[in-house]
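S.K.:
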Amino acid sequence: MSQEAFRLLSRAMRYVFVLIAALYFLLTVLWMRRDQRQWKKEKKNLPDAGTVGELVDEDSLKRYPVPREGTIGSARRCDIRVIGHGVKRLHADIRFADGKGLMIIPARGAKILLNGEPVSSRACAGRDSRLKIGSASLVLKLLKNVDAPARGVFGDGYDPPAEVVPGADGWARVVPLPEKHAGENPGEDWSWGDEFGAEEPEDPFRGVAPVPSGRAMDDGGEDETQE
Amino acid sequence: MKHRSKGKRTRRTRTMGLTGLTMAFTFLCFLLLFVKTGDLTAAAMSVGLSAAVWLITVVIGGRFPSDRLLLSLTMFLCCVGIVILYRFDSGRGLTQSLNFLIGMGCMVICILFVRYAKKWGFFAPVIMAGSLALLLLPVLFGHETNGAKNWISLAGVTFQPSEVVKLALLCVLAYFLSRRKLILSGIYAGCCLIILMLQKDLGTALIYYGVTLIMMYVSTGSVTLVGIGLAGGAGAAVFGYHEFAHVRRRVAIWLDPWADPAGDGYQIVQGLIAMANGGAWGTGLGLGNASTIPYYYNDFAFTIILNEFGGIFGLLVLGLYLAVVLRGLMIAHRADTVFDTLLAVGCSAQIGLQTFVIVGGNIKLIPLTGVTLPLISYGGTSLLSSLCVIGLLQGVAARVQAGVRRDRTLAGLGGEGGAGV
Amino acid sequence: MRGNIRRVIPLMCALFLLLGAWGAWNLAVNGRRWFSFSSNAYARQMKREVTEGAVLDTRGVVLASTFGEERVYHSDEAVRRATVHVLGDRDGNVANGVESFMSFYLYGFDQPFGEEVKSVLYGTGRRGSDVRLTVDSALSANILGWFPAGKKGAVIVMNYRTGAVLAECSFPDFDPANVTVSVKTDPGHPFFNRAVQGMYAPGSTFKIITLSAMLEAFPDALDRRWNCDGQLTVGGHLITDAGTDLERQVVTQHGDLGLERAFRVSCNNTFARAALELNDRRLRGEAEKFGYNYNFLFRDMVVENSSYPSDNRTDREVAMTGIGQSALLCTPMQVLLSACAAANDGTVMEPRLLQSVTAPDGRETVSFSSAAFRRVLEPAVARTVRELMYQAVVSGTGSRAAVPGHRICGKTGSAEIDGRENTNAWFVGFIDEENAPWAVVVLVEDAGGGGSVAAPVAGQIFRYLLGE
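Chains as they are written, first to last, in the working numbering: chain A, 168 to 394; chain B, 197 to 617; chain C, 464 to 931.
(1) Can you tell me whether Ser633 of chain C is helix, strand or coil according to DSSP?
(2) Return the Cβ separation of Ala274 of chain A and His252 of chain A in integer angstroms, given the expectation that the two are a contact with Cβ distance under 8 Å.
(3) For Met764 of chain C, does the three-state DSSP call read helix, strand or coil?
(4) Using a Cβ-Cβ cut-off of 8 Å, state whether Leu682 of chain B counts as contacting chain A.
(5) Closer than 7 Å by C-beta to Gln597 of chain B: which residues in its own chain qualify, once you throw out the five before and the five after it? Chain order, please.
(6) How about Arg174 of chain A: is its C-beta nearer than 8 Å to some C-beta of chain B?
(7) Using a Cβ cut-off of 7 Å, pull out every chain A residue sitting near Glu579 of chain C, in sequence order please.
(8) Name the chain A residues whose beta carbon is nearer than 9 Å to that of Val583 of chain C?
(9) Roughly how many angstroms separate the alpha carbons of Thr668 of chain C and Val904 of chain C, rounded to a whole number?
(10) First and last residue of the alpha helix (DSSP H) that includes Ser246 of chain B?
(11) Cβ closer than 7 Å: which chain B residues qualify as neighbours of Leu906 of chain C?
(12) Spatial neighbours of Glu827 of chain C within its chain, please: C-beta separation below 8 Å, excluding the five flanking residues on both sides.
(13) Measure the alpha-carbon distance for Met411 of chain B versus Gly542 of chain B and round it to whole angstroms.
(14) Leaving aside the five residues before and after Gly787 of chain C along the sequence, list all residues of the same chain whose C-beta is less than 7 Å from its C-beta, in chain order.
(15) Please name the residue in B:Tyr493, B:Thr537, B:Asp536 and B:Gly599 whose C-alpha comes closest to that of Asn558 of chain B.
(16) With DSSP as the reference, label Met464 of chain C as helix, strand or coil.
(17) Let me know if Trp689 of chain C comes out buried or exposed under the rule of 16 or more other beta-carbons within 10 Å of its beta-carbon.
(18) Can you list the residues of chain B that Met932 of chain C reaches, using a CB-CB cut of under 8 Å?
(19) Going along chain C, which residues have a C-beta under 8 Å from Leu365 of chain B?
(20) At 3 residues or longer, and completely inside the region 748–834 of chain C: list those beta strand (DSSP E) runs for me, N to C.
(21) So, for Gly483 of chain C: in the same chain, excluding its five sequence neighbours on each side, which residues have a beta-carbon less than 8 Å away from its beta-carbon?
(22) For Asn489 of chain C, does the three-state DSSP call read helix, strand or coil?
(23) Can you list, in chain order, the residues of the region 269–286 of chain A whose Cβ is nearer than 7 Å to any Cβ on chain B?
(24) Quick one: give me the first and last residue of the beta strand (DSSP E) that Ser877 of chain C is part of.
(25) Tell me Lys299 of chain A's beta-bridge partners as DSSP assigns them.
(26) Give the DSSP-derived three-state secondary structure of Trp901 of chain C in the structure shown.
(27) Relative to the alpha-carbon of Lys314 of chain B, which residue among B:Cys584, B:Arg604 and B:Arg595 has its alpha-carbon at the smallest distance?
(28) Rounded to whole angstroms, what's the CA-CA distance from Thr605 of chain B to Lys311 of chain A? Just pull it up for me.
(29) Check whether chain B comes within 8 Å of Tyr231 of chain A, counting only Cβ atoms and requiring the distance to be less than that.
(30) Starting from Phe260 of chain B and walking both ways along the alpha helix (DSSP H), at which residues does that stretch end?
(31) For Asn887 of chain C, write down the residues that DSSP places opposite it in a beta bridge.
(32) Can you find a CB in chain B that lies within less than 8 Å of the CB of Met168 of chain A?
(33) Let me see if you follow: with CB-CB separation under 8 Å, is Leu298 of chain A close to chain B or not?
(34) In angstroms, rounded to a whole number, what distance separates the CA positions of Leu549 of chain B and Asn559 of chain C?
(35) With 16 as the cutoff for other CB atoms within 10 Å, does His548 of chain C come out buried or exposed?
(36) Measuring alpha carbon to alpha carbon, tell me which residue in C:Glu751, C:Thr673 and C:Phe893 is nearest Ala725 of chain C.
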């Protein structure tokens, strides 16, 4: 092709390329916005998302949602904000470990009693464990399907429960998590759901009684569930 | 089931939309280059690279846990890079494409690594020690190129350890900061910075510094800490300015490159001229002469874009980099463990800061440093490490996706009211 | 922690926005300047494919046009020599002449893509746009004649209400149609455009700025009385007035006087004392208002920055600065702009060369637009300075620039140069009339007194402009 003709062609194509880039940018922005909206909808449909259960204060009956990983303390930015006598600003870190329960790592100088025994470096709390933090006495109520042993465990090792205490409402029974679909197409399942379609996401609560609103939730820590 | 496949279809359409645009862009660019020179390899690339893009989208996007938007953005930017490199030197273009394909593989490895690795408690100290050792290698054995001593050759392949250590820094810092070991993290980051300054690789040091600061801020929320960090950085900058002649030279060139337009300031002057030649719409692919700029293929890659594709295109590319960063921060926001969050924040900050530093140097906003434009600049180590960083980010995204799935399953079987009393 | 992430988002957005905005702004402001830089190989390449447009003066007289491969200039040598520093030449010997600085228009880089397509489709070669300047070639040619032969220097004529530059001459000049080896090796550097690039001590013309500073700092400045005994010692240095010859024991003394008379007779004694009373900070502030130390980024021309010294500000230096000596350095353009501040009620207009740009099809794509560079003085202060400058011409040192029946204002200067016997002669002034808003600066190097050498040249220019 002659130089002149190529010049004209290339200079004409400039506008095409800018158009492509602009379209690309536009689609990206739209994608991100739609995704964000989808996420918010998901969070609303799954109010418990990210939590493994609740800590219930035996005296005041206040319920604190327990995240998978977080902090307990009297500071405002703690995930579980416990205000009481003897509660440090940052009292302990908690981290949920599948199979072992809720790992509790007290901060230096913080006193925690797990089922009556003091926690030295770290301990794992199982279902219905009793935690005494300062003057507050809390019971750990884990979600039914969460993989955790009953009662408390000490140290990092896994001690099988001495006995399984069945509760009247079936809370103490450990139900194993559904099998991960390792053999199937992981990519297809790992999606945000219907991010781009106008369709509603699959409603997991279809046919199930709605969660009672107005739960006595303490507004602890950052507003992590709201965007 | 029917409902689900309909959702899949819409999702696929969207991904295909972006992928299609990338393919169209690559195809047209290489076609244009083929028309210009009659180079058959260019024609092959036009079809080959587009096909590769499509294939990667289907394979990685479909078969592996990944964030499709990030994947698509990454590929578009890489294609832009390959196009502009090929336009000047087909050898470089082909090497870049090869590195791109290898990099995609590395990205998948990183995704899987982050997604499935469990024993971070064991890995982290090992990586920490290893990375410091790696970083020290150029100081001890390396050879000096262009004022910086940060390359080593290993069996004929030269690479920059600082690019590999970048990944280690992100993982290690994320781990230790999530365990609240601030001092250890600070010392580790400090050592890296000192070694980098010994290597005279100030641009990378600046980025490491910024990433550390942002990760520390996100993990502690303490503004005082950031203040101290900034003050320390400012102090180090002033110290460096007084102590090192090459820092003074760089700053002098930045302030007035026109004082020595044929000598010291030549690079940046030619860069600005190239920018001016491009204007808003560019000179047209294949018509500019950005090759007059020394090291146009790695330091001034963005200027090539401004020169041949124009300022508007350049702004859009910047917008896409910003989209990558924001997407990363969105992923960080949704992560449920502290480690995931910090890792995602670190990766996003890393890409964002690196882009800012190099583009800033190109347009004379800040003094020019030796860092490269992620994904676009020429350089195997640079491209691979940027793709790995994106891989780490996607790994976190994969974990978030898994978490969502787990939460939905939990809720689905949770029955009445989730956690009752 | 999520809250912290939310705070990082605006940080990242701000960084990228900064990049985009700064880049776009920088390109918009400086793009043409970078483009016309001599080492722009791309522009040079592209220029080969386009026929360069013509350059015309304000009346439409063709100053330069292309015939075939040649660039042809005006037939009259005087016109050629007088406009060469504005016009520049194709080879870029003159820095930032119109031929290179406005090559963006002359080579059609401003034309839209459609034009390119048309020229290829119709087979016509591409032609750049024609550029019409504000320069008046007839005036310029005359200035060539009035300037003292054999002397170096510069002359600029400008419309102080619009900023249009009517003439910009630098001496020694040369003939662009005949650039010989001797021109290139001339030790006088004829390629150098002294009008906008030459750095000189302004001498007594700086008293305009010292006076403005006094008027702004002290409301009663005009009422003060000073006593000039002809010999002022500051920091061990003796400051005298023009005409003093200590060897012959002749000392010029002005006696008791106010600022008005001091300005009129250009009394160094008074102004040195005034500078000391102002102190360096106020004087520097005033100078910087007038444009000293500022990086001029005019659209049509490149003017060298003026510098007000910052080191070693002893009393002696400050006193010397007040009378325009010391380490002060400025271009003739700066001196002209200082006077224009007084002329135009305190607002200095941006000097412009571009009258219009005409595309090959006859459309005018760019028209003249005047823009204010800066508001330097309050109108009241400007009026006072104007009045004093008027007195300086009527009955002061600038009397040889006067035109009977017209209101001419001005200030002379005789700047001492180290190692030279003669001073540099300065005159800056303007016609203070509604239908004749022109300002002139004349600099004659190594020639003697401003009032005796430079003022007459200005006077002739004023007469010409007024049609006398």
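Even for Gly, the Cβ is constructed at its ideal location relative to N, Cα and C.
M.R.: So, to answer that:
(1) strand
(2) With a Cβ gap of about 17 Å, Ala274 of chain A and His252 of chain A do not count as contacting.
(3) coil
(4) Coverage of chain B is limited to positions 197 through 617, which leaves residue 682 of chain B absent and any answer about it impossible.
(5) Pro261
(6) yes
(7) Leu175 and Arg178
(8) Glu171, Ala172, Arg174 and Leu175
(9) If you draw a straight line from the Cα of Thr668 of chain C to the Cα of Val904 of chain C, it is about 10 Å long.
(10) From DSSP, the alpha helix (DSSP H) with Ser246 of chain B extends over Leu236 to Ile252.
(11) Those within 7 Å of Leu906 of chain C in chain B number zero; the least Cβ separation is about 26 Å.
(12) Ser819, Val820 and Thr821
(13) 6 Å
(14) Ala664, Pro665, Gly666, Ser667, Thr668, Phe669, Lys670, Gly876 and Ala878
(15) Residue B:Tyr493 is the option with its Cα nearest to Asn558 of chain B.
(16) When DSSP states are grouped into helix, strand and coil, Met464 of chain C belongs to the coil group.
(17) By the neighbour-count rule (16 or more Cβ atoms within 10 Å), Trp689 of chain C is buried.
(18) The structure shown does not extend to residue 932 of chain C, since chain C is modelled only from 464 through 931, so no value can be given for it.
(19) Simply none; closest approach about 18 Å.
(20) 810–812, 817–821 and 827–830
(21) So no residue of the chain qualifies.
(22) helix
(23) none
(24) Ile871 to Ala878
(25) A:Leu280 and A:Ser304
(26) strand
(27) B:Arg595
(28) 11 Å
(29) no
(30) Neither: Phe260 of chain B is in no alpha helix (DSSP H) and is coded neither H nor E.
(31) Asn887 of chain C is bridged by DSSP to C:Ala878.
(32) yes
(33) no
(34) 38 Å
(35) buried
(36) C:Thr673
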